[in-house]
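Worksheet: one structure, shown below.
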Amino acid sequence: MPKAYWIVHVTVHDEAHYPEYLAAAMPVFARYGANFIVRNGPYEVMEGATRERNFVIEFKDRATAMECYTCPDYQAAKAIRQKYSDGDFVIIDGAE
Numbered sequence: 001m002p003k004a005y006w007i008v009h010v011t012v013h014d015e016a017h018y019p020e021y022l023a024a025a026m027p028v029f030a031r032y033g034a035n036f037i038v039r040n041g042p043y044e045v046m047e048g049a050t051r052e053r054n055f056v057i058e059f060k061d062r063a064t065a066m067e068c069y070t071c072p073d074y075q076a077a078k079a080i081r082q083k084y085s086d087g088d089f090v091i092i093d094g095a096e
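Numbering (UniProt numbering), first residue to last: 1 to 96.
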């Protein structure tokens with residue numbers, strides 16, 4: 001079974017309150033064994049458009065990635081994230 005990834009691009013419009021999302025989400029990530037492969041940092045846009053923050057988060061498989069996203073605790077964190085930022089979000093299987 002291949003690993004699965006969250007690929008997330010975020011533009012934060014309320015820097016002062018965005019840490020509320022991180023405080024709510026990080027325990028959920030720990031519970032589901034999330035591994036941050038890319039966690040923001042410098043980047044170059046080579047084609048197309050992007051947002052100011054970029055993340056790739058690895059999970060052991062798609063079922064775990066989906067469970068993390070749909071669990072009540074992450075849904076509560078997501079509501080906070082969406083209040084203070086805009087984003088693009090996909091869950092994708094890794095190459096075997």
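Where is the CB? At the ideal position from N, CA and C, for every residue including glycine.
Computed from a prediction, not measured in an experiment: that's the story for all the values here.
Item to complete: Would you list, in sequence order, the uninterrupted beta strand (DSSP E) runs of no fewer than 3 residues that lie entirely inside the UniProt domain "DUF1330" (3 to 94)?
Response: Correct list: 4 to 12, 35 to 39, 53 to 59 and 85 to 93.
Discussion item. Between the segment 41 to 48 and the segment 85 to 95, can you find at least three pairs of beta-carbon atoms closer than 8 Å?
Written reply: Flag = no, the segment 85 to 95 and the segment 41 to 48 do not touch.
Fill in: Cβ neighbour criterion (16 or more within 10 Å) applied to A65
Under a 10 Å Cβ-count criterion, A65 is classified as buried, with 16 or more other Cβ atoms of the shown protein chains found around its own Cβ.
Worksheet item: In chain order, what residues of the same chain lie with their CB nearer than 7 Å to the CB of residue 98, ignoring the 5 residues before and after it?
Response: Examination of residue 98 is not possible in this model, given that the chain is present from 1 through 96 alone.
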